[in-house]
Amino acid sequence: MSIAFLLLSHLLLQQDPPGQTPNSVTMAFGWPTSGSVQVSETALRKGKIAEISYLLSWAPVQDKDGFVLEYKNFEIGSFDGIPADDPRLKSALPMIQAGAAAIPKFLISEDGHLLEFLDYDKTLDAVLDIAKRNGGLNADQFKQLEQQMRSPQAQQLMQEVSRKYWTSWVETWIDLEIGQGESLESVVELPIAGAAEPCTATLTVSCREVFQHEGKRSARLTMDQVVEGDSAKDALFAMLAAVSPTPIPEDTFKRAEIHDHVEGVWEVATLLPHEVTTQRLVTIETQDNRSPRTEEERHDYRFHWVDLPK
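Going from the sequence shown to my numbering is simple: count from 1 and add 865.
This is how it looks when you write it as structure tokens:
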């Protein structure tokens, strides 16, 4: 679902909607029907930093509207400061590359919306195969894990995680109308895997700058989405319960907050991204009176739009 739809009521209530002045934009999806782009990514998760790169390739598919987007040529440059050719890391490369190969293909509509994941059963099989070969689990433990991972809640959670890539790169910004220096605020409801009710979030979208980037009219945009209070506790509980092989007490969390931040530079006429940063800060306080802790996950993407073999 695009931000333009979520903020439609806000825009309609404006007495003087922004016109198409040099400092206002309407972000339009205009990717070519086929192509490829080299992506370099720096990822921070659980205190570890990975430098990786891959090719995003897309093309039309028979019997379906839109195009299929897939990851190819995955390479790792370093992990936690260790270069890929270091023996300490080299032995782990096959497992890392197998994990990358498990990323599902995306079916994207002609207007830029993610429709579905293709061959998702193969993705799940690949993830379980990695766990079986490298997880140190006995037969009973693996059987329990497999049952949990094949549950509808776990599969929904995995798909929610997978779709965040395209959502932050493109889908969030489709048809967004905004002026330079303007911020749009709204309250939205977000579906959560395993939760009976959607959680409530505050959403703020801002346009920091409209400028020429590599000869193209571009915009620097940001999005902040905050879930707190009972909504955050319910969301975290549902996500953990979806993948935990053992029951989790419903009152596990005393306090919680989830803050998602996205910023980057996009071409106005096509929504081709040039740089995108995503950050998630999760702050939790459990019932055992331990000090609150905050965990950060961050991804910095750079898109190199050059002619590459498809």
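Ideal Cβ positions, reconstructed from N, Cα and C, are used throughout, including at glycine. Keep in mind it's a predicted model, so treat the numbers as computed, not measured.
Annotation: residue 1089 is outside any alpha helix (DSSP H); the continuous beta strand (DSSP E) that includes it extends over 1081-1093. Per DSSP, the unbroken beta strand (DSSP E) holding residue 1070 starts and ends at 1064-1078.
The continuous beta strand (DSSP E) containing residue 925 extends over residues 913-925. If you draw a straight line from the Cα of residue 1091 to the Cα of residue 1164, it comes to about 18 Å. Less than 8 Å divides the Cβ of residue 1097 from the Cβ of residue 1123. Counting the other CB atoms within 10 Å of its CB gives residue 1143 a total of 16 or more, which places it among the buried residues.
In the DSSP secondary-structure assignment, residue 970 is bridged to 983. Under the three-state reduction of DSSP output, residue 1143 falls in the strand class.
In this structure, DSSP gives residue 975 a state outside helix and strand, which the three-state scheme calls coil. Counting C-beta pairs closer than 8 Å gives three or more between the segment 966-981 and the segment 919-938, which meets the contact rule.
Two segments are said to touch when three or more pairs of C-beta atoms, one from each, lie closer than 8 Å; by this definition the segment 892-909 touches the segment 1124-1138. Spanning the alpha carbons of residue 913 and residue 957 requires a straight line of approximately 15 Å. For residue 1022, the enclosing alpha helix (DSSP H) covers residues 1017-1034.
Residue nearest to residue 1095 within the set 1079, 1066 and 1073 is 1066 (criterion: CA-CA distance).
Checking the DSSP bridge columns, you'll see residue 1042 partnered with 891. If you look at residue 1011, you'll find it in the alpha helix (DSSP H) that goes 1004-1014. The beta-bridge partner set that DSSP reports for residue 897 is empty.
From the listed residues 1140, 949, 1129 and 941, the smallest Cα separation to residue 917 is found for 941.
DSSP lists 1090 and 1145 as the bridge partner or partners of residue 1125.
For residue 953, no beta strand (DSSP E) run applies; the uninterrupted alpha helix (DSSP H) run containing it begins and ends at 952-955, by DSSP. Taking residue 1167 as the centre and dropping the five residues before and after it, the same chain places the C-beta of 905 and 1140 closer than 6 Å to its C-beta, in chain order. Straight-line spacing of the CA atoms in residue 1036 and residue 1071 works out to 16 Å. By the neighbour-count criterion, in which a residue is buried when 16 or more other Cβ atoms sit within 10 angstroms of its Cβ, residue 1159 is exposed. Take the alpha-carbon of residue 1030 and the one of residue 1005: they are about 34 Å apart.
Under the DSSP definition of a beta bridge, residue 944 partners with 915 and 947.
Under a 10 Å Cβ-count criterion, residue 977 is classified as buried, with 16 or more other Cβ atoms of the shown protein chains found around its own Cβ.
Assignment of residue 1151 by DSSP, reduced to helix, strand and coil, places it in the strand class. CA-CA distance, residue 1084 to residue 1116, rounds to 43 Å. Remark: C-beta atoms of residue 931 and residue 974 approach each other more closely than 8 Å. Cβ-Cβ separation between residue 1101 and residue 1118: approximately 6 Å, consistent with a contact (criterion under 8 Å).
At least 8 Å separates the beta-carbon of residue 1106 from that of residue 1149.
By the neighbour-count definition (other C-beta atoms within 10 Å, threshold 16), residue 1052 is an exposed residue.
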